[in-house]
Amino acid sequence: MQMTYLEAIADALRVEMRRDERVFMIGEDIGTYGGAFKLTKGFLDEFGPSRIIDAPISEAAIIGASIGAALNGMRPVAEMQFMDFVTNGFNQIVTVAGTTAYRWAIPVPMVVRGPSGGGVGANPFHSRNSEAWFVHATGIKVVCPAFPDDAKGLMMASIRDNDPVVFYEHKGLYRKIKGDVPEGEYIVPLGKARVVRQGSDVSVICYGSAVHMALAAAEAVAAEGINVEVVDIRTLVPFDEETVLASVRKTGRAVVAHEAVLTGGFGGEIAARIADKAFSYLDAPVKRVAAFDAPTPFAPTLEQAVLPNSDIIANTIRATCSF
Amino acid sequence: MQMTYLEAIADALRVEMRRDERVFMIGEDIGTYGGAFKLTKGFLDEFGPSRIIDAPISEAAIIGASIGAALNGMRPVAEMQFMDFVTNGFNQIVTVAGTTAYRWAIPVPMVVRGPSGGGVGANPFHSRNSEAWFVHATGIKVVCPAFPDDAKGLMMASIRDNDPVVFYEHKGLYRKIKGDVPEGEYIVPLGKARVVRQGSDVSVICYGSAVHMALAAAEAVAAEGINVEVVDIRTLVPFDEETVLASVRKTGRAVVAHEAVLTGGFGGEIAARIADKAFSYLDAPVKRVAAFDAPTPFAPTLEQAVLPNSDIIANTIRATCSF
Amino acid sequence: MLRYMIMAREFDTAMLRLYRQGKAFGGVYSQLGNEAVSVGSALALDRTKDVLFPMHRNIGGHFVFGQTLDQLMLNHLARQGSQMRGTDGTGHYADPALRIYGNVSHLGAMIPVAAGFSLADKLRGVTTVSMTYIGDGGAQVGEVHEALNFASVHKIPLILIIENNQYAYSTPNSMEFACERLSDRAVGYGMAGATIDGTDVELVYTTCSEAVDHARKGLGPTLIETVTMRMRGHAEHDDFSYVPKELLEEWSAKDPVERYIDRLIDDGVVTREETDELRASILNDMIASIDRALEHPWPAAEEGLKNVFMSTAGEGH
Amino acid sequence: MLRYMIMAREFDTAMLRLYRQGKAFGGVYSQLGNEAVSVGSALALDRTKDVLFPMHRNIGGHFVFGQTLDQLMLNHLARQGSQMRGTDGTGHYADPALRIYGNVSHLGAMIPVAAGFSLADKLRGVTTVSMTYIGDGGAQVGEVHEALNFASVHKIPLILIIENNQYAYSTPNSMEFACERLSDRAVGYGMAGATIDGTDVELVYTTCSEAVDHARKGLGPTLIETVTMRMRGHAEHDDFSYVPKELLEEWSAKDPVERYIDRLIDDGVVTREETDELRASILNDMIASIDRALEHPWPAAEEGLKNVFMSTAGEGH
Ligand SMILES: Cc1ncc(C[n+]2csc(CCOP(=O)(O)OP(=O)(O)O)c2C)c(N)n1
Ligand SMILES: Cc1ncc(C[n+]2csc(CCOP(=O)(O)OP(=O)(O)O)c2C)c(N)n1
Ligand SMILES: [Mg+2]
Ligand SMILES: [Mg+2]
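Below, the structure is given as structure tokens:
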């Protein structure tokens, strides 16, 4: 069935809520209003106010209460109205949720989800790509889907997972990206990358919005005879190192791309692993494409200057292939 | 003058507070009690309660008030009793402090400092090495000294800097590491790495407690004829890429080490940059040594299993050199 | 006061017009219903000494603090020449010369900052009152608690106005808090507190003036709840169908601007003709100013790559 | 009740002895002065239904909830066989079978979690009272505000006891908050609140029992301030020289354990000989249990590398 990225996520939530009474949602304006992006439109009517909980503006309480409910056998899905506001509940995630399995061996099956990313003319406080923080927090899984089917399948897997998951939905993809999405139950396991385009000359390793940039770049250089493989890692934790290394060992060249700022981003981790574990296969240095190290600015001219795009990826591919 | 790492930091604070009226300190139990580690012992007597401010247990307020005071021309130094608690003031640092220069072009000259790191039998909530979060936040400088003289010189530079600085003091070094420290004003500029041991066979790039592990490892392998260069980067933001690359271009081999957990750590960023920009000079893959991806556990047996140490670095050096 | 009230109102009219023309960029947050709070509170300050930390429905205060129309519009629309170089828009800018420090999107985050601003002057022996704002929803953020408690313990001259306009986005008061009045929280911080009708600009002004006096005497912070109604959606994309029509009708009888004008007319201070004329001329100025702002191009792309840091080293500023 | 009071007290004696022998590992946080709060509050719960989220000075509650001496000591000392496998120590463990969920170091962080625990049962139509604690210092953390407000809006059966023992580490009440009573904050959340003498175990018990009733009736959370004195340093490394001697003397006259024993003796319920004997035998048991725990080795190193995650996929638990 054709669905937008947003519809696919809503579908996953609906299917899981119908299937499993332990699943409930909590967030700001998710009930009557149906969420700032109308993702939960109709949910209140279907599931009622005890499973679609409108909370006060208190991200720490929303996440903390979700942790407590998870400790008590539920499977909460907490919405951040914008993922940027997770900074207000940061302590709950990294201090409590991320250490509980290790300390207590009690599962904390919960999902913190929300719209992230830039390119839509929001502002520095509605555009952040913060996934790398949680990668470095221990005990937190991190998911960044690029396609509607993955968004659905990964959401269902995240809800069923026994660990806390931070689920990044790219708001720029919400309504822009449509695709065929299996109906009903559909699971995409966490920790499996997806080769979204087969190629032999160079591997672009990417996730989230950067996958679409990479695909466009691959098309652009295809005319020049460069055959690009695009690997969408889909989940940052767990990280499917095998698939990434297999691709790079095959092509001998790698470009790593994400929308988050360059320095300290997950791209460094990926590049470091490739450069280490595929060392003898590399015909060129591993290059990275990412946002300039700045907040995401408001004016479109500035935002374009800061964020990565398919042209930059294409040029990086060209440079890598002619190294 | 011989000083411990802790005394050197206290000295820097004292010198700056005497020199510049705009500098004041704020934190929990820093006044009468002199701080949990007695770092500010005597400060209240010397500077009085309006410059040594005992605050309620409110990390967000402590950091936020520091930002406000900095906007109004002061140079606050905010203490986190343990750096772990910075998670409670995380939003203030990344959302407000780190974006103000960019948005408003108004300086926010402030330092958030405190004891970090493990190896002292604390627990998962008193041992975290969280520096990589702020590296990926934009607009925040990050400092991690390893020696008393650097601790002093970098603290003075941080206080005088016009940007917000998060200053990581390794609590395991506080009283363990002594060294000669210049008296009075002594500045170590932010953004300059220090080659703490000259060598020709392999470069160990590290910071904080890992520098001491690296030096011990270098001694251990010296007997085997491996001549190790140890580069202490000292500040993560700004990062002195030049010095690091120069060292690796010279030795042709690199090991990157830090005490923070491996995945998503700053080591990935360093390794990625080396593997990219010194690609043609590398005779072996860039290896990383870091903590196992887990919280820092309490029992000493477990803590030793999780944290890196000089033996692991020595073995990694050996492997790298025989690649 | 009249002029500022009308400016706050007509700013809304002008922005709404822009939104309808599809020319606005970013969220358009209406001031409608909140003019008295914004104007009355800012007027209670001494703008040569005190400092304003406004929120998204406090454009009235910007005018009170001397912001020119042209500068405001450039900032709002993030055009070349704006004080933020396009890095941010709407009311998020700071104008240190005018003693205005805008907000960030994260609700509550600027309250400890406002407290710290006044703290700095307190350490210098100077009393600078910081006036800042939060909504009935934003008041639930943890940082608000930390900031108020901190300010009260340290007797910081901070005034926090909780603008209770019944809704936080779509969430009604009943789902945001369970106390009767949000100023009840003042007791828990040992600070002064009051709940007042936020549609009466003179009442807002006198209540805030008392709070300013209190702060100047070194008696510490005050928490003021101003009760109003958000007369439009959260932002213009929101049709606010979740708000009962009767509620809007009830409150429109208390329109802060009309009410104040009526009072002035009753008191013989102005005539309807004069106020109508003032409104029309202010609206005209606003539209002209917006048009001028829109002629400015977007800021140059390279601005986006500048100023993430102020310096790599150096002293003083 | 007597037995638990004495257990709480003698646990302290035993741990202090261990500390003096140089055998303790990690911070030793004394319960001295807080026994009545910990024991009286936990006894007010139904331990088959309710749930305890204790803090660092609430070991009494662990005993009330059925924790065995041996298990407690293993946990505290982080030896092989502890429920946390050595990953953490002191009172930070959870024992789901006993309905005990320990704290984390970050003050206040577990209060929203406790609220969420009860919320889960509320969604199932079951009333599970969560009892949790915070200090006079920790109460200033933002998460406490968010949790209380959230619990009150959603009428969650949460009881938060603010253990006001006059000091937060070295910081006196006057530097932590400016309100008269910390329970004054209850009004600001629209919840029930009370401030009581925390040295009187029967009073603590009855006050908490009322709060439990209130919660069971679906009337929502309660905030109880228990006023006590921390009779030792923050932890044993702290000589608490910042506490005026007179204050300690004044409060030692109100020693919660002695006071309760005296009352029971006055009422003819027990004799001094009996309580002395009980104390000695409990202390003996504790020392023996500690000795047994210390015979356990540290947990095996590989435990440190396990269980960062529960699973990579899978359903239910
Ligand atoms: C910490 C945080 N959480 C969520 C949001 C998203 N958000 C923006 S405005 C808003 C509603 C604010 O309501 P209120 O505080 O009552 O102010 P009003 O808009 O009614 O003036 C929300 C939820 C935010 N900006 N910050
Ligand atoms: C968020 C946070 N900040 C700081 C600390 C460090 N710390 C641990 S206990 C303590 C004092 C606690 O005082 P109080 O809350 O009154 O509890 P008490 O120890 O007196 O029972 C402090 C500052 C912490 N654990 N968590
Ligand atoms: Mg509102
Ligand atoms: Mg206390």
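Protein chains in written order, with the working numbering: chain A, 1099 to 1421; chain B, 1099 to 1421; chain C, 180 to 496; chain D, 180 to 496. By construction, the Cβ of each residue, glycine as well, lies at the ideal position given by its N, Cα and C atoms. These numbers were taken from a predicted model, which means no experiment stands behind them.
Any chain C beta carbon closer than 8 Å to residue i
i, result
"D1127(A)", "yes"
"D1237(A)", "The residue asked about is misnamed: residue 1237(A) is Gly in this sequence, not Asp. Answer no: the Cβ-Cβ gap between G1237(A) and chain C never drops below 8 Å."
"A1153(B)", "yes"
"Q1179(B)", "no"
"S1225(B)", "no"
"S154(D)", "Given that chain D is displayed from residue 180 to residue 496, the structure contains no residue 154(D) and the question cannot be resolved."
Buried versus exposed, by CB contacts within 10 Å (16 or more), residue i
i, result
"K1385(A)", "buried"
"L197(D)", "buried"
"E428(C)", "exposed"
"Q250(C)", "buried"
"H324(C)", "buried"
"K1269(A)", "buried"
"A1315(B)", "buried"
"G1140(B)", "exposed"
"E1119(B)", "exposed"
"H416(D)", "exposed"
"L426(C)", "exposed"
Check: residue i C-beta below 7 Å from any heavy atom of ligand 1
i, result
"V320(C)", "yes"
"F329(D)", "no"
"E347(C)", "One detail in the question is off: residue 347(C) reads as Ala in this sequence, not Glu. For ligand 1, at least one heavy atom lies less than 7 Å from the Cβ of A347(C)."
Integer Cβ distance of residue i from residue j, believed to fall under 8 Å
i, j, result
"P423(D)", "S331(D)", "At roughly 37 Å, the Cβ-Cβ gap does not stay under 8 Å, so P423(D) and S331(D) are not in contact."
"S1228(B)", "V1286(B)", "Actually they are not in contact, since the Cβ atoms of S1228(B) and V1286(B) sit about 22 Å apart, beyond 8 Å."
"N344(C)", "M408(C)", "6 Å"
"I403(D)", "A432(D)", "Incorrect: roughly 23 Å between the Cβ atoms, too far for contact."
"A1110(B)", "M1254(B)", "5 Å"
"L337(C)", "A293(C)", "6 Å"
"D252(D)", "A472(D)", "Before going on, a small fix: residue 252(D) reads as Met here, not Asp. Yes, they are in contact, since the Cβ atoms of M252(D) and A472(D) sit about 4 Å apart, within 8 Å."
"V1353(A)", "V1300(A)", "6 Å"
"V1309(A)", "V1328(A)", "7 Å"
Among the options, nearest to residue i - alpha-carbon criterion
i, options, result
"S468(D)", "G321(D), H255(D) and R188(D)", "H255(D)"
"M289(D)", "V487(D), Y272(D), K485(D) and R303(D)", "Y272(D)"
"F1390(A)", "Y1131(A), V1404(A) and V1342(A)", "V1404(A)"
"A1220(A)", "A299(C), N282(C) and T266(C)", "T266(C)"
"V489(D)", "P1393(A), V1293(A), R1295(A) and D1261(A)", "Going by the sequence as given, residue 489(D) is Met instead of Val. Cα-wise, what sits closest to M489(D) is D1261(A)."
"K1239(A)", "K1250(A), P1213(A) and V1206(A)", "V1206(A)"
"A1249(B)", "V1302(B), G1187(B), V1233(B) and I1331(B)", "I1331(B)"
Any C-beta of chain A under 8 Å from that of residue i
i, result
"S209(D)", "no"
"W477(C)", "yes"
"Q319(C)", "yes"
Minimum Cβ-Cβ distance from residue i to chain B less than 8 Å
i, result
"G493(C)", "Summary for G493(C): the model assigns pLDDT 35, below 50, so the residue's position carries little reliability, and this model does not support an answer."
"V504(D)", "Examination of residue 504(D) is not possible in this model, given that chain D is present from 180 through 496 alone."
"D1299(A)", "no"
"V380(D)", "no"
"M410(D)", "no"
C-beta neighbour in chain D for residue i, strict 8 Å
i, result
"R1201(A)", "yes"
"V1404(B)", "yes"
"M370(C)", "yes"
beta-carbon residue i near ligand 4 non-hydrogen atom, thresh 7 Å
i, result
"R409(D)", "yes"
Residue i beta carbon near ligand 2 (any heavy atom closer than 7 Å)
i, result
"E342(D)", "yes"
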